[in-house]
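Asker: First the structure, then my questions, so here it is.
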Amino acid sequence: MASPILRICTHSGSFHADESLAVYMLKLLPRFQNSSLVRSRDPAQWETSDIVVDVSGKYDGVKFFDHHQRGFEETFNSEYKTKLSSAGLVYKHFGKEIISEIISSKESSILDLLYDKVYKEFIESIDANDNGISKYDNVTEKAKFNDRNITLPSLVSSLNPHWNAEQTDDVFDRQFLIASELMGNAFVNVVKNYGLSWLPAKQVVEEAFKERFEVHESGKILVLKQFAPWKEHLYEIEKANSKQGEILYVLFEDSGKNWRISTVPITSSSFENRKPLPEKWRGLRDEALSKETGVEGCVFIHAAGFIGGAKTKDAVLQLAKLSL
């Protein structure tokens, strides 16, 4: 016997990024995958639906997921102050299950990590936007340019029917589906990026960090077994281990099968490094560099001293040791 078709309800009329995303996220769950969608402000429609988002004036974490009612102050958890929108509410209750469906993993440690990461890096901004919360504590400077038309909430807003065009329920509903697809695709891409790229990179850096004393007695050199985006992870791993600022050089193989030695920026956005490569090496290449360093197989040291290259792992390791 076929399972009954479930029904998702949200409000009719103009739409925003939060409920556009909330509906899409629900449809990622197997039980809602083939659900119908109704957009209505009629309480009778709410009552006959299986789940109601962004309308009804009620939140119970089971069927009703609205955030407009007086006294609503729900946040993602005690560490956050941003009030949730319908997107945040759906994510709070179903986020781990949704992530599991996207990345095909049921490992709790992975889901816990991604659940927090995706909220912090994506969902929270949707919540803040819908609730009119600025990302700045104090706005003292005037923006140099307008980026309103390239943000997801603005793109969703622009999908609403024009004021001087036909504005029937059918038109709004059709445009809402386009908006929901836009928000959903962006969300899925974020989850895949963190789950299938960011997280494996973190594991590569963690392994290198654990093995750093096998590379050199100082523990200040990391060797990545394969290249992965490493800077953000290194800062977090150092902090988690109370070793902030200790790693000075990171070595990895590049796409051309040569090896690189990279310095570590003081912060993720800094051009200043913890310990630049020696000044006398900077700007030299090939034989001239090998002669200056006494290391065979050198390729280059950047003029700014933040990165260099050599033909082998052993060569960049020698360069790192000489640079300490």
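Mapping to my numbering: the sequence shown position 193 is 445, numbers consecutive.
C-beta atoms are modelled at their ideal positions from N, C-alpha and C, and glycine is treated no differently.
1. Could you pull out every residue in the same chain whose Cβ sits closer than 6 Å to the Cβ of Ile473, ignoring the five residues on either side in sequence?
2. Touch check for the segment 272–287 and the segment 434–453: three-plus C-beta pairs under 8 Å?
3. Nearest by alpha-carbon distance to Leu576: which of Ser470, Asp566, Ser494 is it?
4. Just to confirm the assignment, what range does the beta strand (DSSP E) spanning Phe552 have?
5. Can you tell me where the beta strand (DSSP E) holding Ala562 begins and where it ends?
6. Rounded to the nearest angstrom, what separates Lys387 and Lys394 at their Cα positions?
7. Return yes when at least one heavy atom of the ligand ZN lies under 8 Å from the C-beta of Asp422, else no.
8. Helix, strand or coil for Ile489 per DSSP?
9. On the criterion of 16 or more Cβ atoms from any shown chain inside 10 Å, does Val423 qualify as buried, or is it exposed?
10. Alpha carbon to alpha carbon, how far is Ile559 from Glu539? Give it in angstroms, no decimals.
11. Identify which residue in Lys369, Glu331, Arg322, Ile260 has its Cα closest to the Cα of Ser301.
12. If we count the other Cβ atoms within 10 Å of its Cβ and call it buried at 16 or more, is Gln285 buried or exposed?
13. According to DSSP, what are the bridge partners of Pro517?
14. What are the boundary residues of the beta strand (DSSP E) that Glu544 is part of?
15. Once DSSP output is grouped into helix, strand and coil, what is the label at Phe267?
16. Determine the extent of the beta strand (DSSP E) in which Glu505 is found, giving its start and end residues.
17. Compare the beta carbon distance of Gly557 and Pro517 with 9 Å and say whether it is the shorter of the two.
18. Cutting at 8 Å between CB atoms, please list the residues of its own chain near Pro295, excluding the five before and the five after it.
19. According to the neighbour-count rule (16 or more other Cβ atoms, all chains shown, within 10 Å of its Cβ), is Leu486 buried or exposed?
20. Is the segment 352–366 touching the segment 314–334, taking contact as three or more C-beta pairs under 8 Å?
21. Could you pull the start and end residues of the beta strand (DSSP E) that Leu474 belongs to?
22. What number of angstroms, rounded off, separates the C-alpha of Ser272 from the C-alpha of Ser432?
23. Determine the DSSP secondary structure at Ile257, reduced to helix, strand or coil.
24. Run through DSSP, which three-state label would Val307 get?
25. Give the range of the alpha helix (DSSP H) segment to which Arg464 is assigned.
26. Buried or exposed: which applies to Ile378, given that a residue is buried once 16 or more other Cβ atoms fall within 10 Å of its Cβ?
27. List the endpoints of the continuous beta strand (DSSP E) containing Ser288.
28. Based on the DSSP output, what are the partners of Trp482 in its beta bridges?
29. Cβ atoms of Ala339 and Ile375: under 9 Å apart, would you say?
30. Confirm, please, whether the CB-CB distance from Thr334 to Ala380 is below 9 Å.
Answerer: Working from what's here:
1. Val467, Tyr501, Ala572
2. yes
3. Ser470
4. 550–553
5. 559–562
6. 14 Å
7. The ligand ZN is not part of this structure, which contains no ligands at all.
8. helix
9. exposed
10. 18 Å
11. That would be Ile260, whose Cα lies nearest to the Cα of Ser301.
12. exposed
13. Asn525
14. Careful: Glu544 lies outside any beta strand (DSSP E), inside the alpha helix (DSSP H) at 538–545.
15. coil
16. 501–505
17. no
18. The answer, listed in chain order, is Ser308.
19. buried
20. no
21. 473–475
22. Rounded to whole angstroms, Ser272 and Ser432 show a C-alpha spacing of 4 Å.
23. coil
24. coil
25. Looking at the DSSP string, the run of the alpha helix (DSSP H) that includes Arg464 is 464–467.
26. buried
27. 288–291
28. Note: Trp482 sits in no beta bridge, so no partner.
29. yes
30. Yes, the pair counts as a contact, with Cβ atoms nearer than the cut-off.
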